[in-house]
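Right, one structure below, let's go through it.
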Ligand code: F3S
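Numbering (our numbering), first residue to last: 1050 to 1449.
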């Protein structure tokens, strides 16, 4: 990979050990992927920050010096910064998690601890080059916002943030963003159907970028696209999809993109409905993977009101209900009031973390969720729990 004179200097360590290590990572990744050089990025999003997953490897982050070169944000950590004791997190874990967080903060990374940076004021512009980890955010940024990022891992996103550049290959290049398979969806979709669709698509398309053709009557909301992105990212290895009218390139550069790939997959109503078949009894309901938006929180509050108001109903015995969101979402009075009302119905609103990356949720047998990403990751990271997919409304109904 070609390096400029300035980049060579960094590579040789003339800008210090930290930048040298970051540049070594960039060069190694660039060489493997035959990148021609590095390109400047506007932002980085760093994952792997929960002490549950990073463990004592964070000591390495502690050794890094200086600050990041571009606006950089952090994925969820392993606990709510304010309510960790209430969550049952041990003091030892909390101490270590705080050290991890401090190590990233010292580098100038914004510690908002969420997987939805694009919904809390860090949305990249159409065409902007970025280096984001967190697959759900990568798919959303590429496919809905038209930004350009590869699916970075924790080390490469951190290295890119420290250099302010990333190797120019993969989804940074227009020729690699063309769809390779058309997925025709032959039924209307709503709510968790998009989680089911994403789960299916990720499994079916392997590394080919899908062009998803929805029925004209299905116009997904931003939150539904968030769930679609998360589920595709969880089960597949593609970093983007196209939907005409939503993905900026699929709307503007139709001819250049070849929006008629030869390979075709059809998705029928039965394929989606198969996800909802389960007779297991949940002992926990978890919503907010990816983190809930303000719109989702308001809707949940209203669904809870309809279910409870005037009926004196309480959440079933032996059942817990959690909602996960970003602390930044809660930073206005209206959202704080909504969270309070939600909690008055017996539901716990948790910030900074999530069901998957926190050690507090590893003892359940059956999880009810509207998230396709949780269907994939709970069995891998949260013990042996079975995961049952449900529409949001049915999750709330099931609680009482
Ligand atoms: Fe976000 Fe945790 Fe899901 S990081 S996408 S809520 S697994």
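In this text, a Cβ means the ideal position worked out from N, Cα and C, and glycines have one as well. Because the structure is a prediction, the values reported are computed rather than measured.
query                                                                                                                                                               : result
Cβ-heavy atom distance between residue 1217 and the ligand F3S below 7 Å?                                                                                           : no
For residue 1443 and chain B, any beta-carbon pair shorter than 8 Å?                                                                                                : Going by chain labels, chain B is absent from the structure shown, which holds only one protein chain.
Apart from the five residues just before and just after residue 1385, which ones in its own chain have a Cβ nearer than 8 Å to its Cβ?                              : 1379
Check each candidate in 1111, 1147 and 1059 and name the one with the smallest Cα separation from residue 1128.                                                     : 1147
Closer than 6 Å is what we want: which residues have a beta carbon that near any heavy atom of the ligand F3S? List them in chain order.                            : 1124, 1125, 1164, 1185, 1279, 1338, 1339, 1340, 1373, 1403, 1405, 1406, 1422 and 1426
Skipping 5 residues on each side, what residues in its chain have a beta carbon closer than 8 Å to that of residue 1442?                                            : 1240 and 1352
Take residue 1367 and list the residues in its own chain whose beta-carbon comes closer than 8 Å to its own, dropping the five residues that flank it on each side. : 1332
Pick helix, strand or coil for residue 1116, following the three-state DSSP scheme.                                                                                 : coil
For residue 1291, list the residues DSSP reports as bridge partners.                                                                                                : 1260
Can you round the beta-carbon distance between residue 1278 and residue 1185 to whole angstroms, since I take them to be within the 8 Å contact cut?                : 5 Å
Could you tell me whether the segment 1227-1247 touches the segment 1257-1267, where touching means 3 or more Cβ pairs closer than 8 Å?                             : yes
Please state whether DSSP places residue 1094 in a helix, a strand or coil.                                                                                         : strand
Out of 1068, 1216 and 1233, which has the shortest C-alpha to C-alpha gap to residue 1313?                                                                          : 1233
Looking at residue 1087 and residue 1198, is the spacing between their C-beta atoms short of 8 Å?                                                                   : no
Three or more C-beta pairs under 8 Å: does that hold for the segment 1059-1071 against the segment 1208-1225?                                                       : yes
Mind checking which residues open and close the beta strand (DSSP E) that includes residue 1198?                                                                    : No beta strand (DSSP E) holds residue 1198; DSSP gives it neither H nor E.
Measuring only the C-alpha atoms, how far is residue 1377 from residue 1274?                                                                                        : 20 Å
Nearest to residue 1395 by alpha carbon, out of 1350, 1429, 1417 and 1402?                                                                                          : 1350
Return helix, strand or coil for residue 1417, following the three-state DSSP convention.                                                                           : strand
Hey, residue 1401 and residue 1125 are a contact pair by Cβ (cut 8 Å); roughly how many whole angstroms apart?                                                      : 6 Å
When you compare only the Cα positions, how much space is there between residue 1071 and residue 1113?                                                              : 10 Å
How would you call residue 1294, buried or exposed, if buried means at least 16 neighbouring beta carbons within 10 angstroms?                                      : exposed
Quick one: what's got a C-beta closer than 7 Å to residue 1329's C-beta in the same chain, skipping five residues either side?                                      : 1415, 1435 and 1437
Between residue 1373 and residue 1057, what straight-line distance do the alpha-carbon atoms span, to the nearest angstrom?                                         : 44 Å
Reducing DSSP to helix, strand and coil, say where residue 1147 ends up.                                                                                            : helix
According to DSSP, residue 1178 sits in a beta bridge with which residue or residues?                                                                               : 1197
Which partner residues of residue 1159 appear in the DSSP bridge assignment?                                                                                        : 1122
Just mark residue 1300 as buried or exposed, buried being the case when its beta carbon has 16 or more other beta carbons within 10 Å.                              : exposed
Can you tell me the Cα-Cα spacing of residue 1292 and residue 1192, whole angstroms?                                                                                : 8 Å
Give the single residue among 1084, 1055 and 1152 whose Cα lies nearest to the Cα of residue 1097.                                                                  : 1152
When you measure from the CB of residue 1340 to every non-hydrogen atom of the ligand GTP, does any distance come out below 7 Å?                                    : For the ligand GTP, the structure offers nothing, since it holds only the ligand F3S.
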